[in-house]
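Asks: Quick one: structure below, then a few questions.
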Ligand SMILES: [Zn+2]
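In C-alpha cells, the structure reads:
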C-alpha cells in the first residue's frame with residue numbers, strides 16, 4: 003500500500019472542521035472540497051458509479067472480479083469532517099521517519115509533547131514513521147486515516163484483479179462529529195448487505211457495541227412575580243431545578259462511571275424564574291435500562307416539585323441512538339469476517355464497547371449492519387493526535403482482506419440463526 007501515506011498527507015491539509023451552528027449538509031465548505039477531491043480521485047482510478055449527492059455524500063463501486071458477480075456487495079464508510087473541538091485550519095502534518103523512540107516535541111507549540119513514557123501505544127511503535135500535526139491544530143487522522151485506508155484499498159483492488167472480491171461499495175460522509183453523519187445516508191442507493199466504518203482506534207480494535215442513548219428534557223414551571231412583593235406567591239423554577247439536580251445520583255454520573263456502566267448526565271440548563279428546563283443525557287449498553295433511568299428522573303423531578311408547592315414538571319424523552327450490537331447479533335458473520343480480516347492482517351482482535359455512538363450505530367438500525375474497524379488513530383480531537391504510516395497501511399490491508407474473505411465464503415453463516423453472544 004505505498005500510496006496510503008501520500009493520500010493521508012494530502013487529505014489532512016484540507017480544513018474540514020464541521021460546524022454545529024450551520025444547518026447545511028455538509029456543514030462547512032471545506033468538507034465539500036475534500037469530498038469533490040475524493041470523487042475525482044475515484045474516477046481517475048477507474049472506480050465505477052462515482053457520485054456525489056446534494057448532501058455531499060460520495061459513493062463509488064469497485065466492481066466484482068470475474069466469477070464473483072454473485073458475492074453480496076459489502077461497503078466501507080469513513081467521515082471526512084474533523085472535530086469542532088480543535089482547529090483544523092492549516093494542518094501541517096509532520097512525518098517523523100523511523101522514529102527513534104524519544105519524546106516528540108511539536109514545533110509550533112513546545113508545551114505539546116508526545117512522551118512514550120506516558121503513551122504505551124506510542125512506545126510500541128519505535129522505528130515506525132510517526133505522523134503528528136505541528137502543535138497548533140489537530141491532525142485530522144479521525145477520520146482521514148479511515149478515508150486514506152479505504153482509498154488505498156480501492157486502488158489496490160482495482161490494480162490487482164487477481165484478488166477475488168464481490169462488488170465493494172465505498173461511502174464518504176460529512177458531519178459525523180456533530181452527529182449528522184448518517185442523517186442523509188441513502189442506504190438503499192448504497193446497496194450493500196453490510197458496511198464497515200473505518201473509524202476506530204489502535205490496530206486490532208473492532209467495535210461492535212455502542213451505547214443506547216436517549217435525551218430527557220425536564221421542564222419545571224414556576225410562578226414569577228415582582229421579587230419585592232413575592233412573599234407567598236413566587237415559585238422559583240430555578241430553585242426547583244437546582245433541587246432536582248442535587249437529587250441526581252452521583253454514582254451514575256459520567257465522572258464516576260466507566261467500562262460497561264451507563265450514566266445520567268445533566269449538561270444544559272435553560273433557566274428563568276418562570277420556567278427552567280434541564281437536559282439530561284441517558285446512556286446505557288442495555289436499552290431496557292434507559293427506561294429505568296427515565297423513571298428515576300421522573301421520580302426525582304416529582305420529589306423536587308413536592309418541596310416547592312405550586313411548581314409543576316413535565317418530562318420528555320427523545321430517542322437518540324441504539325446499541326448496534328442488537329442488530330449485529332442477528333448477523334454474526336458480518337462481525338466474524340471482520341475479526342478474521344484483522345487476524346489475516348497480523349493483529350490480535352480486541353473488542354471494546356464504545357462509550358458513545360458511531361455512524362454505525364445509526365446505520366445498523368437503518369438496515370445496514372455496520373461494525374467499526376480500527377483506523378490507527380491515537381489521541382483524537384487533540385493537538386497530540388498521531389498515527390503512523392504502518393497503522394495507515396494496516397487499516398488499508400484489513401479492508402482488502404475483508405473484501406477477499408467475503409468472496410471466499412459468500413454465504414457462509416449468512417442464514418445461520420443468530421447466536422446468543424458475538425465472539
Ligand atoms: Zn471519527
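Numbering (the working numbering), first residue to last: 3 to 425.
No residue lacks a Cβ here, since even glycine has one placed at the ideal position from N, Cα and C.
Here the structure is a predicted model, which means the values were calculated and not measured.
Since residue 134 and residue 106 should fall inside the 8 angstroms C-beta cutoff, what is the C-beta to C-beta distance between them, to a whole number of angstroms?
Replies: Indeed they touch by this definition, with Cβ atoms about 6 angstroms apart.
Asks: Three-state secondary structure (DSSP) at residue 15?
Replies: Residue 15: coil per DSSP, three-state reduction.
Asks: So who's on the other strand from residue 196, going by DSSP bridges?
Replies: Answer is 76.
Asks: Express the C-alpha separation of residue 377 and residue 174 in angstroms, rounding to a whole number.
Replies: Whole-angstrom Cα-Cα distance: 14 angstroms.
Asks: Among all residues, which have a Cβ less than 6 angstroms from at least one non-hydrogen atom of ligand 1, and in what chain order do they fall?
Replies: This criterion selects 81, 144, 145, 178, 201.
Asks: Between the alpha carbons of residue 193 and residue 353, how many angstroms are there, rounded?
Replies: Roughly 27 angstroms separates the two Cα atoms.
Asks: CB residue 215 to CB residue 284, shorter than 8 angstroms?
Replies: In this structure, residue 284 lies closer than 8 angstroms to residue 215 by Cβ.
Asks: Let's see if you can read the secondary structure: which residues bound the beta strand (DSSP E) around residue 204?
Replies: Run containing residue 204: none; DSSP gives neither H nor E here.
Asks: How is residue 284 classed by DSSP in three states: helix, strand or coil?
Replies: If DSSP states are grouped into helix, strand and coil, residue 284 belongs with the strands.
Asks: Taking the alpha carbon of residue 166 as the point to measure from, which residue in 58, 262, 74 has its own alpha carbon closest?
Replies: Taking only the C-alpha atoms, the option nearest residue 166 is 74.
Asks: In this structure, how does DSSP classify residue 421 when only helix, strand and coil are distinguished?
Replies: Summary for residue 421: the model assigns pLDDT 40, below 50, so the residue's position carries little reliability; its value from the coordinates is reported in the next sentence. In the structure shown, residue 421 sits in coil (DSSP, three-state: anything other than H, G, I, E or B).
Asks: Suppose you measure from the CA of residue 34 to the CA of residue 327; what does that come to, to the nearest Å?
Replies: Taking the straight line from one Cα to the other gives about 32 angstroms.
Asks: For the beta strand (DSSP E) that contains residue 320, what are its first and last residues?
Replies: Residue 320 -> beta strand (DSSP E) spans 314–323.
Asks: In chain order, what residues of the same chain lie with their CB nearer than 6 angstroms to the CB of residue 356, ignoring the 5 residues before and after it?
Replies: If we look at residue 356 and ignore the five residues flanking it on each side, its Cβ neighbours are 209, 212.
Asks: Which same chain residues end up closer than 6 angstroms to residue 32 when comparing Cβ atoms and leaving out the 5 residues on each side of it in sequence?
Replies: Within the same chain, residue 32 has close Cβ partners 16, 17, 18.
Asks: In this structure, how does DSSP classify residue 376 when only helix, strand and coil are distinguished?
Replies: Of the three classes helix, strand and coil, the one that applies to residue 376 here is strand, per DSSP.
Asks: Could you check the C-alpha separation between residue 274 and residue 85 for me, to the nearest Å?
Replies: Roughly 32 angstroms between the two C-alpha positions.
Asks: In angstroms, rounded to a whole number, what distance separates the CA positions of residue 5 and residue 386?
Replies: So the two alpha carbons sit approximately 24 angstroms from each other.
Asks: Please determine, among 64, 263, 183, 267, the residue with the shortest C-alpha to C-alpha distance to residue 169.
Replies: With distances taken between Cα atoms, residue 169 lies closest to 64.
Asks: Pair every Cβ in the region 390–403 with every Cβ in the region 364–378, then say whether three or more of these pairs are closer than 8 angstroms.
Replies: The answer is yes - the region 364–378 touches the region 390–403, with three or more Cβ pairs under 8 angstroms.
Asks: Am I right that residue 302 and residue 246 are in contact with their C-beta atoms under 8 angstroms? What's the rounded C-beta distance?
Replies: That belief holds up - the Cβ atoms of residue 302 and residue 246 are roughly 6 angstroms apart, short of 8 angstroms.
Asks: For residue 10 and residue 143, what's the separation of their Cα atoms in angstroms?
Replies: Those two C-alpha atoms are separated by around 8 angstroms.
Asks: Does the region 92–106 come close enough to the region 40–50 to have 3 or more Cβ pairs within less than 8 angstroms?
Replies: In short, these stretches do not touch, since the Cβ pair count stays below three.
Asks: Who are the Cβ neighbours of residue 206 in its own chain at under 7 angstroms, not counting the five residues just before and after it?
Replies: Only 344, 349, 350, 351, 352, 376 meet the Cβ criterion.
Asks: Helix, strand or coil: which one does DSSP assign to residue 109?
Replies: In this structure, residue 109 counts as coil in the three-state DSSP scheme.
Asks: Assess contact between the region 48–63 and the region 105–122, defined as three or more Cβ pairs (one per stretch) separated by less than 8 angstroms. Is contact present?
Replies: Counting Cβ pairs under 8 angstroms, fewer than three are found: no touch.
Asks: Between which residues of its own chain and residue 392 is the CB-CB distance below 6 angstroms, once the five residues before and five after are set aside?
Replies: Around residue 392: 130.
Asks: Using a threshold of 8 angstroms, state whether the C-beta atoms of residue 361 and residue 81 are closer than that.
Replies: For residue 361 and residue 81, yes; Cβs fall inside 8 angstroms.
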